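This report concerns only the one structure given below.
Residue numbers (full-length UniProt numbering): 1 to 238.
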């Protein structure tokens, strides 16, 4: 069973996943220093290539860089987390490239594919951790696709709010208090909607006292109304 933190990391990809159990094996890996803005573009083609990276300090964004120079952040990983090298170049197609970019000065420890296989034979927790990382990334991609494909801007925003409500237990008044320090620009970027539209949606729902957005939280006072608007978004005034 997932935890609220797990689900928050899926619905808000800038939120990091839980720390993983690699500390006791760090001496077996190779240390790398990345300054802010530097990136990793290695591809794992054979057993001796780096495959898994443990973040000792700093923060890494997993990004797609497009041919036109624009980028899309898929997920964020922080100290205590891991990320995987691109395997056989599957993710980089045509001019689009998968990159792992240092958000700040970072130190990472790399393990080859062979090392990882040997560790999994010795310690089952390593296998569990790897599965966790793989499926968290997979879930993030799935929900980002489902929340943005073939939906109007208001449906994207409402679907996102509805999912956040479903993973957070309401208080005794039936209100959902959701930790969210994303700015309105970050929410707009996450859902691929225009900032002006995002602002209008938030303002409209606040005027109806359905939600309240602060710097650190989203307060949802009427989740049933959000479901009603998902069925008939024409009722939304923004």
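Every residue, glycine too, gets a C-beta built ideally from N, C-alpha and C. Since the model is a prediction, treat every value here as computed from it, not as a measurement.
Query: Cβ-based burial, residue 115 [other Cβ within 10 Å; buried from 16]; Result: buried
Query: Rounded straight-line distance, which links the Cα of residue 64 to that of residue 70; Result: 9 Å
Query: Buried versus exposed, by CB contacts within 10 Å (16 or more), residue 4; Result: exposed
Query: Residue burial classification, residue 61 (beta-carbon count within 10 angstroms, cutoff 16); Result: buried
Query: Proximity below 7 Å, CB of residue 176 to CB of residue 168; Result: yes
Query: Whole beta strand (DSSP E) elements within the segment 76–114, 3-residue minimum; Result: 82–84, 97–102, 106–112
Query: Buried or exposed by the 16-neighbour rule on C-beta atoms within 10 Å, applied to residue 15; Result: buried
Query: Host beta strand (DSSP E) of residue 193 (start-end); Result: From DSSP, residue 193 is part of no beta strand (DSSP E); its letter is neither H nor E.
Query: Proximity to residue 232 [Cα-Cα], best of 160, 154, 173; Result: 154
Query: Neighbourhood of residue 11 by C-beta distance below 7 Å, restricted to the same chain and skipping five residues each side; Result: 143, 160, 163, 164
Query: Residue 167 - DSSP class collapsed to helix/strand/coil; Result: coil
Query: Straight-line Cα distance separating residue 73 from residue 226; Result: 27 Å
Query: Endpoints, the alpha helix (DSSP H) within which residue 33 is located; Result: Taken as a continuous stretch (DSSP letters only), residue 33 belongs to no alpha helix (DSSP H), being part of the beta strand (DSSP E) at 30–34.
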